[in-house]
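This report concerns only the one structure given below.
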């Protein structure tokens, strides 16, 4: 069995990043007393948990109900009408530089993160003509905020003077979990209105953040929005620019990680959904799946919201009744649609690889895949075309994907007029509704890593945690934390983690923030 030198996350350029040391213990489990753990869910959280468990010598079985690993970043093979083999997915994801623990996971198979390539800008465009860019905004707070005001056409110095300073000051010292006590009872939209944030800037900056949660700002908890503001803007000097994989997700990420896990003895059961979990007569659990029944000393439940709810409903002895009731009450965000178009000609070479949009409903962003993805670039080079992806978030439950996809193409033509002349030589559409909803007032009822049963932990981006993490980084972080809880009980060394600073960066700003005791919740 080989050991890895890349089993800890690393901070990036931010010298104020915070280390979360793992409890020390033995490097490897005694082979004669090797514990067993079933990890349910093969997305980021489940893969993170399985990785550190296997590295410590635990006997791991990883269940994934879909045919491939990756969760909401999974990919699958398809064939176009022209005979080209392509990899379809559920759409674009940005790998921000603050994702220390996700990057630590990827370093197991890519030590230099060479499979990630940086996009030069994070531009945002509103239908009114306003256009924001983060390429030249300084990365280090508070210069980042001052630079945004100085460079943004949607937020100027006059707008800064009109804001409700007393209500906005707490943004300078965001703390977890205090941010949830302050803002979880307020919607993101009401919070922005309450501090007097100018509507154009709301659309261009903060609405883009809220859409990252696949939710309308009127449904999203303001606490999540404020935490995002801290993670990406005023709490970190990593900036708002991001990286993307240079090939489709399976080729760049999941296939190498699957090989790594199998090399450490992990049993990977794809296409295998867990049907029920029951207590084992002599301790531990019996996991029932389409592959049969298997005993496990411990469990990591790293499914999406629907999967966790289904398991809780089917497993009357799992944890306790109040825990199962809270899980059953979890809700998913509204549906979203990803439309990928293969065009017969290129979009204008000046177009960015990624563009966030506002005011072009239902269009939320546009990606030009050949700008960074090798597979799309090879197709475009061979045919002279472009591979363009359109996202529509927070759709009504009754939305017809055929109608929405036509609307997305119409908005694409409005944003980039040269695409009107392009012929769509092929297209794929993915309508999904399986992302967690971070609804107003819902924080206290979300599951934590720990459950009433110490042999059961939970991981994923839906999980409530005390650390300033969100989205894919929350999935990776809670995956490691869920594994760490079991490793600690077994006397094994856990995974060291990093996060952005857990509070405001400077003593002066923190002191100033304490004056802002008024909350928009009123």
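Residue numbers (my numbering): -2 to 519.
We put the beta carbon where it would ideally sit given N, CA and C, even for glycine.
Since the structure is predicted, the reported quantities are computational estimates derived from the model, not experimental observations.
Query                                                                                                                                                                                            : Result
To which residues of the same chain is residue 81 closer than 7 Å at the C-beta, ignoring the five residues directly before and after it?                                                        : 376
Taking DSSP as the reference, what is the three-state secondary structure of residue 245?                                                                                                        : coil
So is residue -2 buried or exposed if we call it buried at 16+ other beta carbons inside 10 Å?                                                                                                   : Residue confidence is low: residue -2 scores 33 on pLDDT, short of 50, so the model does not pin down where it sits. Its coordinate-derived value is still stated next. Residue -2 should be labelled exposed.
Measuring only the C-alpha atoms, how far is residue 170 from residue 500?                                                                                                                       : 6 Å
Relative to the C-alpha of residue 54, which residue among 497, 287, 491 and 495 is closest?                                                                                                     : 491
Which of the three DSSP states is assigned to residue 47 in this structure?                                                                                                                      : helix
Taking the alpha carbon of residue 57 as the reference point, which residue from 412, 346, 488 and 292 has its own alpha carbon closest?                                                         : 292
Does the beta-carbon of residue 483 have 16 or more other beta-carbons within 10 angstroms, so that it is buried, or is it exposed?                                                              : buried
By how many angstroms is the C-alpha of residue 464 removed from the C-alpha of residue 9?                                                                                                       : 17 Å
Which same chain residues, not among the five before or five after residue 3, have their C-beta less than 6 Å away from its C-beta?                                                              : Note that residue 3 scores a pLDDT of 42, beneath 50, so its modelled location is shaky and nothing firm can be said.
Identify, in the order they occur along the chain, each residue of the same chain with its Cβ nearer than 6 Å to the Cβ of residue 390, setting aside the five sequence neighbours on each side. : 208, 211, 333 and 361
Rounded to a whole number of angstroms, what is the C-alpha to C-alpha distance between residue 61 and residue 40?                                                                               : 8 Å
Is it right to say residue 358 is buried, meaning 16 or more other beta carbons lie within 10 angstroms of its own, or is it exposed?                                                            : exposed
Give every residue of the same chain whose Cβ lies closer than 6 Å to the Cβ of residue 420, excluding the five residues on either side of it in the sequence, and list them in chain order.     : 341
Please report the residue range of the alpha helix (DSSP H) in which residue 225 lies.                                                                                                           : 219 to 226
Measuring only the C-alpha atoms, how far is residue 100 from residue 310?                                                                                                                       : 34 Å
Taking Cβ to Cβ, would you say residue 385 is nearer than 7 Å to residue 338?                                                                                                                    : yes
Tell me the DSSP secondary structure of residue 257 in three-state form.                                                                                                                         : helix
Would DSSP call residue 403 helix, strand or coil?                                                                                                                                               : helix
Under 6 Å Cβ to Cβ from residue 38, same chain only, skipping five residues before and after it: list those, please.                                                                             : 299 and 300
Return yes when the Cβ of residue 327 is within less than 7 Å of the Cβ of residue 307, no when it is not.                                                                                       : no
If we require 4 or more residues per run, which alpha helix (DSSP H) segments fall completely within the stretch 325 to 403?                                                                     : 371 to 380
So, do the stretch 178 to 185 and the stretch 215 to 225 have three or more beta carbon pairs nearer to each other than 8 Å?                                                                     : yes
Indicate the three-state DSSP secondary structure (helix, strand or coil) for residue 433 in the structure shown.                                                                                : strand
Let me know the secondary structure DSSP gives residue 497 once reduced to three states.                                                                                                         : coil
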